[in-house]
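Number of protein chains: 2
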Amino acid sequence: MSNDSSTRIVADLDAWVATAPPGARLPSTRELVRRYGASPVTVQKALRALAARGLVESRPGVGTFVRVRPVARPNDYGWQTAALGSPRGLGPWRSTALRTLPNDVIALHSGYPDRELLPERLVRAAFTRAARGDAAVSRPPAAGLPELQTWFATELGHATPAGVAPPTPSDVVILPGSQSGLGVAFRALVGAGRPLLMESPTYWGAILAAAQAGVRVVPVPSGSHGPDPDELARAFERTGARALYAQPSFANPTGAHWSPALAGRVLETVRRHGAFLVEDDWAHDLGITADPTPVAALDDAGHVVYLRSLTKTVSPAVRIAAVIARGPARERVLADTQAESMYVSGLLQAVALDVVTQPAWRGHLRGLRHQLAARRNLLVAALRDHVPAAHLTAVPRGGFNLWVRLPDTTDLPRLVRECEADGVVVAPGDEWFPAEPTGPHLRLNYAGPNPGAFADGARVIGRALARQ
Amino acid sequence: MSNDSSTRIVADLDAWVATAPPGARLPSTRELVRRYGASPVTVQKALRALAARGLVESRPGVGTFVRVRPVARPNDYGWQTAALGSPRGLGPWRSTALRTLPNDVIALHSGYPDRELLPERLVRAAFTRAARGDAAVSRPPAAGLPELQTWFATELGHATPAGVAPPTPSDVVILPGSQSGLGVAFRALVGAGRPLLMESPTYWGAILAAAQAGVRVVPVPSGSHGPDPDELARAFERTGARALYAQPSFANPTGAHWSPALAGRVLETVRRHGAFLVEDDWAHDLGITADPTPVAALDDAGHVVYLRSLTKTVSPAVRIAAVIARGPARERVLADTQAESMYVSGLLQAVALDVVTQPAWRGHLRGLRHQLAARRNLLVAALRDHVPAAHLTAVPRGGFNLWVRLPDTTDLPRLVRECEADGVVVAPGDEWFPAEPTGPHLRLNYAGPNPGAFADGARVIGRALARQ
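Quick mapping for you: the protein sequence lines, in order, are chains A and B.
If you read the first sequence in the numbering used here, its first letter stands for residue 1, the second for the next number, and so on.
If you read the second sequence in the numbering used here, its first letter stands for residue 469, the second for the next number, and so on.
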């Protein structure tokens, strides 16, 4: 029964299979039991492991055989070129922020937090509880678990000032992650061929979702204070757009946090043009020296369609987000969500609700704030010390990222390549621009693994930059 | 600490809050502890329960207050009508198959199996194991867990005859449920405005996904033997379509199971037109008196894009499906999947893999086959006994559904309404037609709860039909 003896049998048979002719029959279970002095259970486990890797196949009642692997002949898929036509705006996208890397590099590229920033104990306990509950074997309503809808509505309601009607639980639609929410919002509220205003730079996943939805992206210049409100008003007038996508709190990548005055002006502009603001509050739980202030809380006339995700603060395994929308927009959002994903795993919803309603959740968020502050300060100091040519447009008051402007003459692809050759992975800023980049940038994530290596990472960037 | 005393405090405070003015401050925790003779933990738990329901709100360090609910004034969302325009093919869809109902009705409408048909023990054990593993707190590769990709490829490989190259693990893209797979396939392989051939009748979720993707649906007549191959060839010629969507094994709703001859002819037609067959093998594990025979197993030239889901046989909480595609089509599918959902919860993937690689999984599938056979036979007999006017076009050899033709003169909406008034919920066949229905049909699901009530259900349908 021991794992060790099963592992040994797998290794041994693996070597045997590698040289055996396809279709060859393995010794019988009885023979293997005898040969290895192992139990039948252990032998069966080893055979299943080989089968799972596609090396052997069992024919019940007959035996186990080396899998026949047909000789690989290169297939000509040329006919697909005609059938598929050219990609409609959505080529194969290789985002740097999504790359998975070996442990021995200094990773400043990621879009996701390191495991040590997650409430691991809460998440594991919630999964264990949920495994025993109804949610493991039942189907939730299409719009989501009512208790989770209530939680999302209440969270936004807390930020709602007097005189504004807070959202109700039925305004909430649960989604399998915020990326789905972007697609849903762009399809449901804008539609293919119609204009959508976006900040430039902005979140690369939103640029991707816009391309998939086939909407026409209209970039609006933005920076460390948020979008320019005059340019925004002109873009609405010029294009007749009925929607703006933005991240008002701790925007990715710039870290911009809208002032109350800007939030008021943008909301006023959106209202005047009878338009929607798709507010992506991705960093709601990631404030460091400021608290998020959802624009959605200021609006009860259905202009702001609000998107909030729990994936980044609860766990990457808990792909749960919510759209809060009112009026007919909510119906459109729900219809598109159903067409896209029917419903979201009730177990993941139960786990998300369990984690965020634990008393320890608030404490976790306070600890996260301190850790993010320390990590941010460490990376800022490392850049000041070792990359003097880099200009940090602003120290972000929340979120995961520093947005670094490099000298105009920087050869960005070469810089990224040379850093990687020296064991430091960074994300080129170009991926965050829906239009031509306004200059060479890096987006550096301070929420990744091993902050102790930030100084070394900055040194490598500094040296690579100095060589140019 | 007892649940009972917490429940009692909630009930008590609930009554108090109902009559208190908004903004009123609740007694302090200390006071509540004294008043109820409960522990501070119990009191806090009660307050959290009230907060979760949106009745009170806590201001840390200040106290707990009755939530201010602004006077509900009806909002005018009329401006949204102009911003949204008319729905682009995707109105609010209320599928009968998705309805959740109270326990006291006879439910023959559902698209999902009853809990007693699920491998509940395996699912719970897998979730419990996964809660302790890496997958609970980490992010898998975008295309899916390699071991799960291998499993899906191996499953299809088992059906691949000699001389045809089986798919490789890298041809597999993991998705959050098969509904997502339909959207992905229609967007990635067809695209808005282009023609897609579909059987009529066919799965309503596919009709919905096609509307969402904005493709132009071209219906091809189909029945209990599958689509008419001559009509199919004519439709390809007439429209220049480069894709067909179909369910060759135990189609929903007709139960059609393609003969080898039909599979060969369809594949030949698809090849001749340089087109794709999007094969939705939804009932792969639901054979009763026949085994599924994927058309994808016969093709290694990238013509068949194969979709298989585990949601219906593992658990509705395990939203896991896979697309298997080769050549550039696989790149398009992966790009669209990433744009739509970034990646699928690694924990759900780990659970799915755990369940289907357990030795008990095969035994579960054998038991499922027997249960489906018994349930199908029971409902067929009940219809013969009590609904003589209904015509069962064929007894399906797999799947969940009977497809019942009613007399031409049947007033279908009235029939459905009257059955429901008598406690029997049935799905009107119209929802499965992408074009005008060819006649009044019912789709009756024999995998739902309480097969002991099938006879009573049939009696109600028979009586309602006799009244017309």
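C-beta: ideal position from N, C-alpha, C; glycine also.
Given a limit of 8 Å on CB to CB distance, which residues of the segment 570-583 of chain B reach chain A? Y580, R583
Can you tell me which of the three DSSP states E904 (chain B) falls into? coil
For G205 (chain A), decide whether its Cβ has a neighbour in chain B, counting only Cβ atoms nearer than 8 Å. yes
Segment limits, alpha helix (DSSP H) that includes T269 (chain A): 260-272
Helix, strand or coil for V424 (chain A)? Go by DSSP, reduced to three states. strand
For L657 (chain B), which residues in the same chain have their Cβ closer than 8 Å to its Cβ, ignoring the five residues on either side in sequence? R710, A711, F744, V746, V773, A797, R800, V801
Interface flag, W361 (chain A) vs chain B, CB-CB below 8 Å: no
By the criterion of Cβ-Cβ separation under 9 Å, what are the contact partners of N75 (chain A) in chain B? A633, D768, A769, G770, R794, G795
Does the CB of G367 (chain A) have a neighbour CB from chain B at under 8 Å? no
Using CA coordinates, which residue listed in A:I324, A:P451, A:V270, A:G287 is at the minimum distance from G240 (chain A)? A:V270
Using the C-alpha atoms, what's the distance from P201 (chain A) back to G742 (chain B)? 41 Å
Is R59 (chain A) near the ligand SAM, with its Cβ less than 7 Å from a heavy atom? No copy of the ligand SAM appears in this structure; indeed no ligand is present at all.
For V524 (chain B), would you say it is in contact with chain A, using Cβ-to-Cβ distances shorter than 8 Å as the test? no
A290 (chain A): which of A:D4, A:V460, A:W258 sits nearest, CA to CA? A:W258
Using the Cβ count rule (16 or more neighbours within 10 Å means buried), how would you classify P528 (chain B)? exposed
Please determine if the segment 642-649 of chain B and the segment 336-344 of chain A are in contact, where contact requires at least 3 C-beta pairs separated by less than 8 Å. yes
Hey, quick one: how far does the beta strand (DSSP E) through I792 (chain B) stretch, first residue to last? 789-792
For P878 (chain B), count neighbouring C-beta atoms within 10 Å of its own C-beta (all shown protein chains included) and say buried if the count is 16 or more, exposed if not. The displayed chain sequence assigns Thr, not Pro, to residue 878 (chain B). With 16 or more Cβ atoms within 10 Å of its Cβ, T878 (chain B) is classed as buried.
Can V318 (chain A) and L286 (chain A) be called in contact, C-beta distance under 8 Å? no
Which chain B residues are close to Q247 (chain A), counting only those with a beta carbon under 9 Å from its beta carbon? The contacting residues do not exist; Q247 (chain A) stays about 16 Å from chain B at best.
If you count every other CB in all the chains shown that lies within 10 Å of the CB of P560 (chain B), and 16 or more means buried, which is it? Residue placement at P560 (chain B) is poorly supported in this model, since its pLDDT is 49, which falls under 50; the coordinates are not used for a value here.
Which residues mark the beginning and the end of the beta strand (DSSP E) in which W403 (chain A) is found? 401-405
Within 10 Å of its beta-carbon, does P359 (chain A) have 16 or more other beta-carbons around it, so buried, or fewer, so exposed? exposed
Residues in its own chain within less than 6 Å of V351 (chain A) by CB, not counting five upstream and five downstream? A126, F127, A130, V318
Looking at the C-beta of P316 (chain A), does it have a partner C-beta in chain B at a distance below 8 Å? yes
Which residues, in order along the segment 510-522 of chain B, keep a beta-carbon less than 8 Å from a beta-carbon of chain A? Q512, R516, A519, A520, R521, G522
Which residue's Cα is closest to the Cα of A235 (chain A): A:M198, A:P260, A:L267? A:M198
Does the distance from the C-beta atom of L870 (chain B) to that of L847 (chain B) stay below 8 Å? yes
I'd like the list of long-range same chain contacts for F400 (chain A), defined as Cβ closer than 6 Å, with 5 residues on each side in sequence excluded. N445, A447
Beta carbons nearer than 9 Å to chain B: which residues of the segment 19-32 of chain A have them? none
Just to make sure I have the definition right: I need the residues of chain B whose C-beta is within less than 7 Å of the C-beta of A136 (chain A). Which are they? V591, R592, F595, S783, A785
Can you give me the C-alpha to C-alpha distance between G531 (chain B) and Y504 (chain B), rounded to a whole angstrom? 18 Å
Step through the CB atoms of chain A and report whether any lies within less than 8 Å of the CB of M810 (chain B). yes
Judging by CA-CA distance, which residue of B:E888, B:R535, B:V892 is the nearest neighbour of A162 (chain A)? B:R535
Cβ contact check for the segment 606-617 of chain B and the segment 133-141 of chain A: 3 or more pairs under 8 Å: no
Chain A residues whose Cβ lies nearer than 9 Å to that of G742 (chain B): W79, Q80, A82, A83
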